[in-house]
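Asks: Structure below; questions to follow.
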Amino acid sequence: MEYYKKQVILASSSERRIFLLKQLGAGFIVVNHRLQVEPQFDGSAPLGRFVQDLALKKAESLQEYYPDNFIIGSDTVICLNGTVYGKPKDFDDAFNTIKELSGKTHEVYTGVSLINKLKNVYRTAYDKTFVKVKPLNNDEIKNYLNKYPPFDKAGSYGIQDDNGIVESYAGSFENVLGLPVQKLIPLLNEYHLI
Numbered sequence: 243m244e245y246y247k248k249q250v251i252l253a254s255s256s257e258r259r260i261f262l263l264k265q266l267g268a269g270f271i272v273v274n275h276r277l278q279v280e281p282q283f284d285g286s287a288p289l290g291r292f293v294q295d296l297a298l299k300k301a302e303s304l305q306e307y308y309p310d311n312f313i314i315g316s317d318t319v320i321c322l323n324g325t326v327y328g329k330p331k332d333f334d335d336a337f338n339t340i341k342e343l344s345g346k347t348h349e350v351y352t353g354v355s356l357i358n359k360l361k362n363v364y365r366t367a368y369d370k371t372f373v374k375v376k377p378l379n380n381d382e383i384k385n386y387l388n389k390y391p392p393f394d395k396a397g398s399y400g401i402q403d404d405n406g407i408v409e410s411y412a413g414s415f416e417n418v419l420g421l422p423v424q425k426l427i428p429l430l431n432e433y434h435l436i
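Take a look at the structure:
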């Protein structure tokens, strides 16, 4: 167990989050969170607060196993006209989500948490990015979903996909990938983790 004491733990197996955290130069290991059921947005708190709380719950799900470690949790959702979308349940759900997003601008919210039980550190932040999706017909949506499996992506799409569906965005690209690095860097610096 001594090995883990100097490591940051990323409570996610997302390839995009792993890539982004590596780019920051943080030494870390990946241990997927143990949150069994993810809460659904019910409108009782602002969406920014919701993603921070969910990121915190994901990190806290590992704190009993790794009390000496700093743990990073993260969660992403998108919002269009008050409707919140997470990861799709199936192909039809993904298709319907992208059909709704087609030709419109939506918001991407990503929350991040940094915790350490032993040091009593429980910090959260979030970022918001505006993304416009190209106008798409049904065949274009199906072709996109067949080329880029949507099941691990909030909103059923990836901003990084070649010849993808994103027309433009305003704000953080990394936030849409799933980790608000501009918000995470100050936290990591504060605790000398990068």
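When we follow our numbering, the leftmost residue of the sequence shown carries the number 243, and every step to the right adds one. C-beta: ideal position from N, C-alpha, C; glycine also.
#1: Figure out for me which residue from Asp369, Glu432, Asn405 has the closest Cα to the Cα of Val423.
#2: Considering only residues of the region 340-415, which uninterrupted beta strand (DSSP E) runs meet the minimum length of 3 residues and lie entirely inside it, listed in chain order?
#3: Grab me the residues of Lys359's own chain with a C-beta within less than 7 Å of its C-beta, minus the 5 sequence neighbours each way, in chain order.
#4: Name the residue from Asp394, Tyr390, Val354, Pro377 whose alpha carbon lies nearest to the alpha carbon of Ile313.
#5: Tell me which same chain residues have a C-beta within less than 7 Å of the C-beta of Ala268, skipping the five on either side of it?
#6: Buried or exposed for Asp284, going by 16 or more other Cβ atoms inside 10 Å?
#7: Going by DSSP in three states, Val423 sits in which element: helix, strand or coil?
#8: Apply the 10 Å Cβ neighbour rule to Asp317 and answer buried if 16 or more other Cβ atoms are within range, or exposed otherwise.
#9: Can you tell me whether Gly290 is helix, strand or coil according to DSSP?
Replies: Looking at the coordinates:
#1: The residue you call residue 423 lines up with position 181 of the sequence shown. Of Asp369, Glu432, Asn405, the residue nearest in Cα terms is Asp369.
#2: Fully enclosed beta strand (DSSP E) runs of 3 or longer: 347-358, 363-375, 408-412.
#3: Your numbering for residue 359 matches position 117 in the sequence shown. Around Lys359: Gln305, Pro309.
#4: Looking up residue 313 in the sequence shown gives position 71. Comparing Cα positions, the closest option is Val354.
#5: For the purposes of this step, residue 268 is taken as the residue at position 26 of the sequence shown. Val250, Leu430, Leu435, Ile436, listed in sequence order.
#6: As a position in the sequence shown, residue 284 is number 42, starting the count at 1. Classified as exposed, Asp284 has fewer than 16 neighbouring CB atoms from the shown chains inside 10 Å of its CB.
#7: To locate residue 423, count along the sequence shown from 1; it is residue 181. In this structure, Val423 counts as helix in the three-state DSSP scheme.
#8: Within the sequence shown, the letter at position 75 stands for residue 317. Buried: at least 16 other Cβ atoms inside 10 Å.
#9: Sequence index remark: in the sequence shown, residue 290 carries index 48 (1-based). In the structure shown, Gly290 sits in a helix (DSSP, three-state: H, G or I).
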